[in-house]
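*Asks:* First, the structure itself, so that you have it in front of you.
Numbering (UniProt numbering), first residue to last: 1 to 379.
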């Protein structure tokens, strides 16, 4: 047997023997005491905390996996990890401690093997181990590093697990070590659970609370940037907070340029006074006067007015995506979805409205006003 509790894959060296009458009488109904008739004796590897639930997992050389059913001081009883409602009694294995041996049961597996499964189980375990020891690193980055480490030519099909599943597993295992989500705004921030040089300010506005996050390097890049892109999202935010605002800009590295987030603001309210206080704090945190000339954002009036108040020289632009999204949501409120699909006039009119931002600024109002008679005829 090989006991795996690290990332290395070791070739098992213990011989596996088959003995009759090795099952205890108390286990006779659940386990089969007759030896397997298979001519090829599989090798077994125990992976500590190798299952999705963090339990030990047994994997044989053919790719079959087993979970622990019970154990005594001298024996461990394993059963196939894949069971169905029709076949509850799957293949079994008994592991004896003294000597260290494995004995297979009479019942064979009722499903195909998964060649390379041991590789996948050990890779999953290492992703989770690295995630726990590096709580502030991106789960995706951790997965990519571990995957590259385990990358081999001609790997069997089941040696590769879905990347998104491993990333979720890394995040889930870290949830247990994180502080509980606050139920209201009256809480103390546990800065040990936040990377150093990241929490910049805790802004309060008439009982509301806004947390600002950015590194020193990010603030420096944001101050030098001439273009800001402001976005707000709600789906990932839990109460008592309402939205997460992120400010992005283009960053160049060598010959490549990418848009990256440079500041995050966790907000419990979305009024003009909140945005003004947050923007003023952001400007005060920067190592130099901001060089921003243009800011692109959605069409929330409170955000626009806050920028006009705090950064009056900045040209504020609406985001095309949010513009078309706002038009479509209004169409949904008016019940025009079906007409959009079935009535050409309605469809053409809505699409022309969505295309207005592509016109020169001086033409937009005139063209929009020319649309009004058509809108009346559609009604």
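Glycine included, C-beta positions come from ideal geometry on N, C-alpha and C. Since the structure is predicted, the reported quantities are computational estimates derived from the model, not experimental observations.
Can you tell me whether residue 315 is helix, strand or coil according to DSSP?
*Replies:* Three-state DSSP puts residue 315 in a strand.
*Asks:* Buried or exposed, going by whether 16 or more other CB atoms sit within 10 Å of the CB of residue 267?
*Replies:* Per the 10 Å Cβ criterion, buried.
*Asks:* Pull up the distance between the alpha-carbon of residue 262 and that of residue 344, whole angstroms please.
*Replies:* Their Cα atoms are separated by approximately 44 Å.
*Asks:* Looking only at DSSP bridge pairs, what is residue 265 linked to?
*Replies:* Answer is 212 and 245.
*Asks:* Report the residue from 342, 348, 314 and 354 whose alpha carbon sits nearest the alpha carbon of residue 413.
*Replies:* What the structure shows of the chain is the stretch from 1 to 379, and residue 413 is not part of that stretch, so it cannot be assessed.
*Asks:* Short of 6 Å in beta carbon distance, which residues of its chain neighbour residue 361, apart from the five on each side in sequence? Order them along the chain.
*Replies:* Taken in chain order, the list of residues that qualify is empty.
*Asks:* In the DSSP assignment, find the unbroken alpha helix (DSSP H) run with residue 408 in it and report its ends.
*Replies:* Coverage of the chain is limited to positions 1 through 379, which leaves residue 408 absent and any answer about it impossible.
*Asks:* Roughly how many whole angstroms lie between the Cα atoms of residue 313 and residue 296?
*Replies:* The alpha-carbon atoms of residue 313 and residue 296 are separated by roughly 14 Å.
*Asks:* Identify the continuous beta strand (DSSP E) that holds residue 233 and give its terminal residues.
*Replies:* That run of the beta strand (DSSP E) goes 227–233.
*Asks:* Does residue 97 come out as helix, strand or coil in the three-state DSSP assignment?
*Replies:* Residue 97: coil per DSSP, three-state reduction.
*Asks:* Is residue 259 helix, strand or coil when you go by DSSP?
*Replies:* Residue 259 falls in the strand class under three-state DSSP.
*Asks:* Sort 93, 74, 126 and 63 by Cα distance to residue 49 and report the nearest one.
*Replies:* If we check each option's Cα against that of residue 49, 126 comes out closest.
*Asks:* Grab me the residues of residue 231's own chain with a C-beta within less than 6 Å of its C-beta, minus the 5 sequence neighbours each way, in chain order.
*Replies:* Closer than 6 Å at the Cβ level, and outside the excluded window around residue 231, lie 246.
*Asks:* If I measure Cβ to Cβ from residue 299 and keep anything under 7 Å in the same chain, skipping five residues before and after, which residues do I get?
*Replies:* Here the set comprises 318, 322, 323 and 326.
*Asks:* Return the bridge partner residues of residue 295 from the DSSP annotation.
*Replies:* Note: residue 295 sits in a beta bridge opposite 228 and 316.
*Asks:* Please list, in chain order, all residues of the same chain as residue 203 whose beta carbon is under 8 Å from its beta carbon, the five residues on each side excluded.
*Replies:* Once the five neighbours on either side are set aside, the close Cβ partners of residue 203 are 209, 210, 211, 212, 277, 278 and 281.
*Asks:* Taking the alpha carbon of residue 89 as the reference point, which residue from 216, 197 and 69 has its own alpha carbon closest?
*Replies:* Ranking 216, 197 and 69 by Cα distance to residue 89 puts 69 first.
*Asks:* Would the beta-carbon of residue 287 be found less than 7 Å away from any heavy atom of the ligand ZN?
*Replies:* The ligand ZN is not part of the structure shown, which contains no ligands of any sort.
*Asks:* Just grab the DSSP bridge partners of residue 199 for me.
*Replies:* The partner list for residue 199 (beta bridge, DSSP) reads 213.
*Asks:* According to DSSP, which residues form a beta bridge with residue 381?
*Replies:* The displayed coordinates of the chain run from 1 to 379. Any statement about residue 381 would go beyond what the structure contains.
*Asks:* Buried or exposed: residue 294, going by 16 or more other Cβ atoms within 10 Å of its Cβ?
*Replies:* So residue 294 ends up on the exposed side.
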